[in-house]
Amino acid sequence: MEREIVRLDMDRDFASFEELSIISFGEATNSKKEMYEWLFDKNPYNKSGNMMYLLKEGDKVIGCDGLLPNELYVNGKTLLTAHSVKSMTHPDYKRQGIFRKMTENSCERGKQDGVDVVIGLANDQSYAA
1361 MEREIVRLDM
1371 DRDFASFEEL
1381 SIISFGEATN
1391 SKKEMYEWLF
1401 DKNPYNKSGN
1411 MMYLLKEGDK
1421 VIGCDGLLPN
1431 ELYVNGKTLL
1441 TAHSVKSMTH
1451 PDYKRQGIFR
1461 KMTENSCERG
1471 KQDGVDVVIG
1481 LANDQSYAA
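If you use the working numbering, the sequence shown corresponds to residues 1361 to 1489, in order.
In structure tokens form, the structure reads like this:
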């Protein structure tokens, strides 16, 4: 089946995005749709739409990586930065290069949207499965 990277559409994709979030981060993950609408769709630093990217196989979300843009003031200059968030791969699809593909996609699309710096912070789940 064909795979495609798309921007998160809150109406069409949120249920599948939420399902992958719970599989990846557990039941305690904050999966309130309103929060994600505020962070991504209504973020004033998003220049061309939200920066939450999904890798879909048919209707199933199998990977995700998002950028949360903000401004950072450094040495008298304002930079558009983006924090990499919600990097996740469905457990059935691990070891297929999805994390790298999604990260490269986010960095490239961020650059197209004027992002100067992408910040990524590793956590316990960031290491090879």
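Just so you know, even glycine gets a beta-carbon here, dropped at the ideal spot from N, CA and C.
Quick caveat, the model's predicted, so the values are computed rather than measured.
Non-local beta-carbon contacts of L1380 in its own chain, meaning distances under 7 Å to residues more than five positions away in sequence, involve V1421, C1424, M1448, H1450 in chain order. The shortest C-alpha to C-alpha distance from T1438 to any of N1390, Y1405, F1377 is the one to Y1405. Between G1470 and F1400, the alpha-carbon positions lie close to 13 Å from each other.
DSSP places N1430 in the strand class (E or B) of the three-state scheme. Where K1416 is concerned, there is no enclosing alpha helix (DSSP H), although the beta strand (DSSP E) around it starts and stops at 1412-1417. Pairing S1376 with I1382 gives a Cβ-Cβ distance that is not under 9 Å. The closest CA to that of T1463, considering only V1478, K1454, R1455, D1452, is found on V1478.
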